[in-house]
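Everything below concerns the one structure shown next.
Numbering (mature numbering (1 follows the signal peptide of the UniProt record, and there is no 0)), first residue to last: -17 to -1, 1 to 500.
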């Protein structure tokens, strides 16, 4: 057993050994304008001025606040583009023109025609996915991959570590970066819905349902939905914009990129993409203090609760809205699938740290013998949340403004609520994007969640009849609550249209929403 002092010291020394500043810079983890800061010895925890840019909000609600359960109050304001309609139609047509003799229903990634033929001959893919329709008609589909105890990458020559090249993209998620560094994803960092879902299964022994769910969220967060392509980092010209809206990659703040993360700083403080040694060392301290030197569930419970508290206290723009489940999911995914499969209940430093400090698989690492499933994840999200329940909302003008969401009592239901909120998100107000997001939610995310006993419809709009009021909130102070679905403040709307302070405002909402007074 490591002592508290030894594991904390290891966090600093191993960080320097495995991921020195020069190597991090070469791999693109450190922005060029920060390199001089590090050369002066100010380190990863150096003070950074508040960002000057004002990136567009992930949602732009019509009247200042969108129903926190998704698209209920969203009316598209951008007209459909004829040129992009044509581009979508051409893309779908070309994908459906595959020659019959080229269709392979045994391929690891199924083309649309192979998917349809698979369903006709063998049933739903993975017991879940039926042929997709509409804007998703041309999407390639992942398939169930083998799981169980296996050395990763082992001696496989195709999957040894190669540092990213100058045009390769890496992002804020260490485990996705690891997949790209080892070639389970495209080493360019430009991946697809199907490729990423298969890679997650193969490398981390996660089940088909959770892999499909996570990759579909990546596509929603910053991808081109008709083609299924997305960047595991930021915006990249190699990802098309078939729908005519900017495609930002999963680094865009709001869904995968969150406040209170494990190893990145909050966006407000200027650098939310580089590895943050202070955050990492806090996790190591929690492992020593609460986990007996292990990154176990007790350690990450405290880490999540403490970081949410710290961000809420220190970040004037702290957002903890519809993406709240991501704070807990990232920690569950650290302690459950990442330990060495030869000792799956021992998430120790040597088997966890390399994913974060060098974005590589540990030496002699084996994937876990039993797949981690979507049911497991939803339960873990709820357990982590219940350790210290936190109100959902965001900081605005010196105070915390809550969302009007009633949190269920059972852990699995909390996980289901969080997954449903994330699945209902829309990254843009353009009509084609909203329609595409709805298609992903209805045909993919809703399907896999239902297989995990989580029905999105339990948390969706109830025919416009349900309502909540914001009469107890200061609507002059920020659009009722000023909160969009993902907790992002819409700076372009100062107050609800036609509403004044103290005026009751009706919104479409879910059956599990109630007003907070």
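For each residue, glycine too, the CB sits at the ideal point set by N, CA and C. Since the model is a prediction, treat every value here as computed from it, not as a measurement.
Asked                                                                                                                                                                          : Found
Once you ignore the five residues that flank residue 144 on each side, which residues in its own chain have a CB closer than 7 Å to its CB?                                    : 164, 165 and 343
Indicate whether the contact test is met: 3 or more Cβ pairs, each with one atom in the segment 276 to 294 and one in the segment 310 to 318, closer than 8 Å.                 : yes
With three or more beta-carbon pairs closer than 8 Å as the criterion, would you say the segment 386 to 397 touches the segment 351 to 369?                                    : yes
Excluding the five sequence neighbours on either side, which residues of its own chain have a C-beta within less than 6 Å of the C-beta of residue 503, listed in chain order? : Outside the shown range of the chain (-17 to 500) lies residue 503, about which nothing can therefore be said.
In the DSSP assignment, the beta strand (DSSP E) including residue 213 goes from what residue to what residue?                                                                 : 212 to 214
Can you tell me whether residue 161 is buried or exposed, with buried defined as 16 or more other CB within 10 angstroms of its CB?                                            : buried
Measure the C-alpha to C-alpha separation of residue 506 and residue 104 and round it to an integer number of angstroms.                                                       : A question about residue 506 goes unanswered here, because the residues of the chain that appear run from -17 up to 500.
Do you know how far the Cα of residue 380 is from the Cα of residue 197?                                                                                                       : 34 Å
Among residues of its own chain, excluding the 5 on either side of residue 109, which ones have a beta-carbon nearer than 6 Å to its beta-carbon?                              : 127 and 191
For a test of the three-state rule: what should DSSP assign to residue 157, helix, strand or coil?                                                                             : helix
Along the chain, where does the alpha helix (DSSP H) containing residue 262 start, and where does it finish?                                                                   : 260 to 273
Which residues bound the beta strand (DSSP E) around residue 385?                                                                                                              : 382 to 385
What are the start and end residues of the alpha helix (DSSP H) that includes residue 311?                                                                                     : 307 to 318
If we require 4 or more residues per run, which alpha helix (DSSP H) segments fall completely within the segment 419 to 445?                                                   : 429 to 434
Going by the CB atoms, is the gap between residue 234 and residue 217 shorter than 7 Å?                                                                                        : yes
How many Å lie between residue 123 and residue 382 at the Cα?                                                                                                                  : 46 Å
What is the residue span of the beta strand (DSSP E) that residue 377 lies within?                                                                                             : 376 to 379
Apart from the five residues just before and just after residue 142, which ones in its own chain have a Cβ nearer than 8 Å to its Cβ?                                          : 135, 136, 165, 166 and 167
Under 8 Å by Cβ, that's how I've got residue 121 and residue 209 pegged, so tell me the actual separation to the nearest angstrom.                                             : 6 Å
Within its chain, find whatever has a CB closer than 6 Å to the CB of residue 291; leave out the 5 residues flanking it on each side and keep chain order.                     : 243 and 373
Within 10 angstroms of the Cβ of residue 265, are there 16 or more other Cβ atoms? Answer buried if so, exposed if not.                                                        : buried
Name the residue from 239, 118 and 87 whose alpha carbon lies nearest to the alpha carbon of residue 73.                                                                       : 118
For the putative contact between residue 189 and residue 434, defined by C-beta atoms under 8 Å, what is the C-beta separation to the nearest angstrom?                        : Wrong, their Cβ atoms sit about 14 Å apart, outside the cutoff.
What does residue 415 pair with, by DSSP beta-bridge criteria?                                                                                                                 : Paired residue(s): none; residue 415 is not in a bridge.
Given residue 432, which residues of its chain have a CB within under 8 Å of its CB, disregarding the five upstream and five downstream residues?                              : 196, 357, 399, 402, 403, 406, 438 and 439
In the segment 79 to 144, which residue ranges form an unbroken alpha helix (DSSP H) of at least 4 residues, counting only runs that do not cross its ends?                    : 95 to 105
Note down the Cα distance separating residue 133 from residue 327, rounded to an integer number of angstroms.                                                                  : 12 Å
Of the choices 307, 339 and 317, whose alpha-carbon is the least far from that of residue 369?                                                                                 : 307
Check for me: the beta strand (DSSP E) holding residue 174 runs from which residue to which?                                                                                   : 173 to 175
Does the beta-carbon of residue 426 have 16 or more other beta-carbons within 10 angstroms, so that it is buried, or is it exposed?                                            : buried
So who's on the other strand from residue 324, going by DSSP bridges?                                                                                                          : Paired residues: none, contrary to the question.
Can you check whether the CB of residue 318 is closer than 7 Å to the CB of residue 349?                                                                                       : no
Select from 360, 267, 172 and 329 the residue whose C-alpha is nearest the C-alpha of residue 219.                                                                             : 172
Pull up the distance between the alpha-carbon of residue 18 and that of residue 341, whole angstroms please.                                                                   : Because residue 18 carries a pLDDT of 41, less than 50, the predicted location of this residue cannot be relied on, and the following value inherits that uncertainty. Distance between the alpha carbons of residue 18 and residue 341: 18 Å.
Which residue from 202, 226 and 101 puts its Cα closest to that of residue 215?                                                                                                : 202
Nearest chain C C-beta to residue 249 closer than 7 Å, yes or no?                                                                                                              : This model lacks chain C altogether, as it is built from one protein chain only.
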